[in-house]
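In what follows, a structure is listed as structure tokens, so that the remarks can point back to it.
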Amino acid sequence: MSTLITNIGELVTNAPEQGGSGFAALTGAALVMDNGLVAWTGPASKAPAADEIIDARGRAVLPGFVDSHAHLVFAGERGAEFAARMAGAPYQAGGIASTVAATRHATDPELRAGLSRLAGEMLRQGTTTFECKSGYGLTVADEARSLSLAAEVTPEVTYLGAHIIPPEFAGDRAAYVDLVRGEMLEACAPYARWVDVFCERGAFTADETVAILAAGRAKGLIPRVHANQLGPGPGVQVAVESGAASADHCTHLTGADVAALAGSATVATLLPGVEFSTRQPYPDARGLLAAGATVALATDCNPGSCFTSSMPFCIALAVREMHMTTEEAVWSATAGGARALHRPDVGHLSAGARADLLMLDAPSHAYLAYRPGVPLVTAVWRDAKLSARAKE
Ligand SMILES: [Zn+2]
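Each number in this note's numbering comes from the position in the sequence shown (counting from 1) with 14 added on.
Following this line, the structure appears as structure tokens:
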């Protein structure tokens, strides 16, 4: 069955044929979807017939958000840690250990319920594609079950056995690295598309990161890296040299890091919800864009450093705090995320793209930053099917 959405005030297409590789939009537009795909876009006056017609009444339609960085398989919560941090306590990577303990004790149904609640939140806020990492199990069995559960809700599954060194390996990190790139990888690779390492002081060194990414690559997994979040370090350079799809965080970059990203296919994925929630300085988005790097925006939804599932919130932060234009922020939250996940079928609304899209209760994409904190996403379609709708 074909569906025509007409009288669209602003249709954000990000279509390459409409002007280069960046943000692109039509006004007074219409879109037809059929068989799960976008079949046609153009002026509303020229829209072809369809089985079903939806009147957008001047509202904006955008590609569904692509959240390329999220940690959704976990148990427990860390609200008290957040409150203490806001009261002045520092953020340290070690807080992850408390979530690891809770996750190991949780049953599969408990983990599945949490995952499904967060995936539902994301969908209602317009996210139609999301990545999901393991990293709170850190045993062979717990990492494998985390990935198996993640694979129930998304194809973008990332093996993050190298999140931190778990407490039981504190005296022998080499043995843990061997486990991550050996037996644990063997058990996890069948469920995952990606391999990720937290390359940071207090987590994994450059050499350890290179070794783990290479082992993952040998099992068919594509690298991505948590890089340069807490301070300057080798993460970005390792990501670029390993051919990673994405270097995520990029909060503390040198000129050489920016140049390496700009000269590579590695996407710089910025996670401004983390800086908001840890009260750290924001990444230099303008510097990355000026150098020609590809920038994506994602939530990093996780129980410790940033517990938001909202891409609209991240867009508002990117505009207000990182000085991205509203066009750049929306592109990075859609097409940018798609680049970071090697997904040419999403993040844009050209004919042939997946019909993953959202309607705002607003006339333009700019309202996502202009009206921060307001639930503007009024309807979401995934594979051309209405998947979430606000009460009108
Ligand atoms: Zn993360």
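The C-beta atom is built at its ideal place from N, Cα and C for all residues, glycine as well.
What is the DSSP secondary structure of residue 321, counted as helix, strand or coil? Correct three-state label for residue 321: coil.
At a cut-off of 7 Å, would you count residue 266 as near ligand 1, judging by its Cβ distance to the nearest heavy atom? With a cutoff of 7 Å, residue 266 does not count as near ligand 1, since its C-beta is closer than that to no heavy atom of the ligand.
What's the gap between the Cα of residue 128 and the Cα of residue 161? A direct Cα-Cα distance of roughly 14 Å separates residue 128 from residue 161.
DSSP state of residue 230, grouped into three classes? The answer is helix: DSSP assigns residue 230 an H, G or I state.
Considering residue 161, what are the terminal residues of the alpha helix (DSSP H) in which it resides? Boundaries of the alpha helix (DSSP H) around residue 161: 154–164.
State the CB to CB distance for the pair residue 190 and residue 180, rounded to an integer number of angstroms; the pair is presumed to be in contact (CB under 8 Å). 7 Å between Cβ atoms; contact.
Beta-carbon separation of residue 87 and residue 146 under 8 Å? The answer is yes: Cβ separation under 8 Å.
Should the segment 66–77 be called in touch with the segment 362–379, which here means at least 3 C-beta pairs below 8 Å? With a cut-off of 8 Å, the segment 362–379 and the segment 66–77 count as touching, because enough Cβ pairs lie within range.
Residue 212 lies in the beta strand (DSSP E); which residues open and close that run? Its beta strand (DSSP E) spans residues 208–213.
Based on DSSP bridge pairs, tell me the residues matched to residue 67. 18, per the DSSP bridge assignment.
Three-state secondary structure (DSSP) of residue 202: Note: residue 202 maps to helix in three-state DSSP.
Would you call the segment 51–68 and the segment 266–285 in contact, with 3 or more CB pairs under 8 Å? Segments in contact, no.
Starting from residue 100, trace the alpha helix (DSSP H) in both directions and tell me its first and last residue. Run containing residue 100: 93–100, per the alpha helix (DSSP H) assignment.
Three-way DSSP call (helix, strand, coil) for residue 130 in this model: In the three-state reduction of the DSSP assignment, residue 130 falls in the helix class, which pools H, G and I.
Check whether the Cβ atoms of residue 340 and residue 287 sit closer than 8 Å, and answer yes or no. Between residue 340 and residue 287, the C-beta gap is not smaller than 8 Å, which leaves the two residues out of contact.
Among 357, 359, 325, nearest to residue 408 - alpha-carbon criterion: Look at the range of the chain in this structure, 15 to 406, and you will see that residue 408 is not part of it.
Say the cut is 7 Å; is the CB of residue 314 nearer than that to a heavy atom of ligand 1? Result yes, Cβ under 7 Å from ligand 1.
Look up residue 57 in the DSSP assignment and give the residues it is bridged to. Under DSSP, residue 57 takes part in a beta bridge, and its partners are 43.
Ligand 1 heavy atom lying under 7 Å from the CB of residue 337: Not under cutoff, so the answer is no.
What does the alpha-carbon distance come out to for the pair residue 317 and residue 153? Roughly 19 Å separates the two Cα atoms.
Could you pull out every unbroken beta strand (DSSP E) segment of at least 3 residues lying fully inside the segment 320–376, listed in chain order? If only uninterrupted beta strand (DSSP E) runs of at least 3 residues are considered, those enclosed by the segment 320–376 are 371–374.
Own chain residues within Cβ distance below 6 Å of residue 258, not counting five before or after: If we look at residue 258 and ignore the five residues flanking it on each side, its Cβ neighbours are 237, 238, 239, 280.
Taking the alpha-carbon positions, what's the residue 67 to residue 149 distance? Taking the straight line joining both Cα atoms gives about 45 Å.
For residue 48, which beta-bridge partners are listed by DSSP? DSSP lists 51 as partners of residue 48.
Rank 37, 36, 63 by C-alpha distance to the C-alpha of residue 19 and give the top, closest one. A check of alpha carbon separations from residue 19 across 37, 36, 63 identifies 63 as the nearest.
Please name the residue, chosen from 204, 217, 158, 206, that lies closest to residue 177 on a Cα-to-Cα basis. Looking at 204, 217, 158, 206, the one whose alpha-carbon comes closest to that of residue 177 is 217.
Per DSSP, which one or two residues make a beta bridge with residue 172? Note: residue 172 sits in a beta bridge opposite 147, 208.
Just verifying my parser: in three-state terms, what is the DSSP assignment at residue 88? If DSSP states are grouped into helix, strand and coil, residue 88 belongs with coil.
Just grab the DSSP bridge partners of residue 141 for me. Paired residues: 79.
Within the same chain, show all residues whose beta-carbon is closer than 6 Å to that of residue 244, passing over the 5 residues directly before and after it, in chain order. Cβ within range, chain order: 214.
Quick one, which of 356, 404, 364, 345 has its alpha-carbon nearest residue 171's? The residue with the shortest Cα to Cα distance from residue 171 is 356.
What separation, rounded to the nearest whole angstrom, lies between the Cα atoms of residue 41 and residue 342? Between the alpha carbons of residue 41 and residue 342 lies a gap of roughly 18 Å.
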